[in-house]
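In terms of this note's numbering, the sequence shown opens at residue 2 and continues consecutively.
For glycine and all other residues, C-beta sits at the position ideal for the given N, C-alpha and C.
First comes the structure, then the notes that go with it.
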Amino acid sequence: LNVHTRYLHEGILDYGERLCATFAEPLSSVLFVCTGSEANDQALRLVRHCTGGEGIICTDMTYHGNTSAVDEISPLFRGGKSATPRV
């Protein structure tokens with residue numbers, strides 16, 4: 002359970018609006034997350050949804066996070082091998 006109020010701050014909302022204003026209309030929303038793990042997990046979901054693809058390129062000896070989706074692709078704790086052939 003992560004209970005916080007960081008997204009209730011007006012500065013976050015203002016930043017999101019300013020950021021979205023710099024992009025074309027199809028890119029009109031922003032998703033704030035708490036950690037790099039969540040950011041990588043959401044990036045995987047977005048790319049898979051937009052492309053329909055499953056393949057991923059990731060760097061070795063780099064921590065990508067601890068969510069199930071990210072752990073599946075990261076070769077860090079598997080001796081340079083990922084858990085899936087899609088990497």
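Using the three-state DSSP reduction, which class does Ile57 fall into: helix, strand or coil? coil
Of all the options Leu9, Val31 and Ala25, which has the alpha carbon lying nearest to the alpha carbon of Glu18? Val31
Rounded straight-line distance, which links the Cα of Val34 to that of Ala44: 11 Å
When burial is assigned at 16 or more other CB atoms within 10 Å of the CB, is Gly12 buried or exposed? So Gly12 counts as exposed.
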